[in-house]
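Report on one structure; see the data block that follows.
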Amino acid sequence: MSWFVLRPTGLIEPTIRNDFFSKIGRTSWKIYMEPERPLHWVSCKDVGHFAAEGLLHPEQWSRKCLSLAGWEGTYMEANAINKKVTGQDFQLTFGLAARFICGIIVKDLSLSYKWCNEKGFGADIGHLRELHPGLLTLEDCLREQAEKAG
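Positions 151 to 300 (my numbering) are the ones given, in order, by the sequence shown.
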């Protein structure tokens, strides 16, 4: 194989955890993204699937780039799905904390939101689903997380 580039979009699993950094991520998503502008998200499992495909079938994937996403939606759509699955809104943190971290500590994060507002990821979810029918959505990942929690 010469090369195969995977370009995962936002990762679902770190976003749906309830630790401090996930709360910062969700809060910054809510603050920095235009309300009607969807983001693309992909499960870590699906990144692994496509990485394995590239290694198992190098002739098929050699010299290709693939943007990875399994779900597209706005913060409000994601929150509605979270509420449907868990019965609760997403847990957030103080907007000031998210602004401080995105604006000063991890400035690239606010720049990435700016880029997403202007350009977006451009992953072809329909095509990806043809390649991998088991591609996970946000709801799939939330349900899996809820099952593991008991």
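By construction, the Cβ of each residue, glycine as well, lies at the ideal position given by its N, Cα and C atoms.
Please report how far the alpha carbon of E163 lies from the alpha carbon of I174, in whole angstroms. 14 Å
Assign H190 to one of three DSSP states: helix, strand, or coil. strand
With 16 as the cutoff for other CB atoms within 10 Å, does R176 come out buried or exposed? Buried.
Check P164 in the structure and name its three-state DSSP category. helix
Nearest residue (CA-CA) to W179, options L286, L259, G276: L259
Bridge partners - E294, DSSP secondary structure assignment: BP columns for E294 are empty, so no partner.
On the CB-based measure, 16 or more other CB atoms within 10 Å of its CB, does G276 come out buried or exposed? Counting the other Cβ atoms within 10 Å of the Cβ of G276 gives fewer than 16, which makes it exposed.
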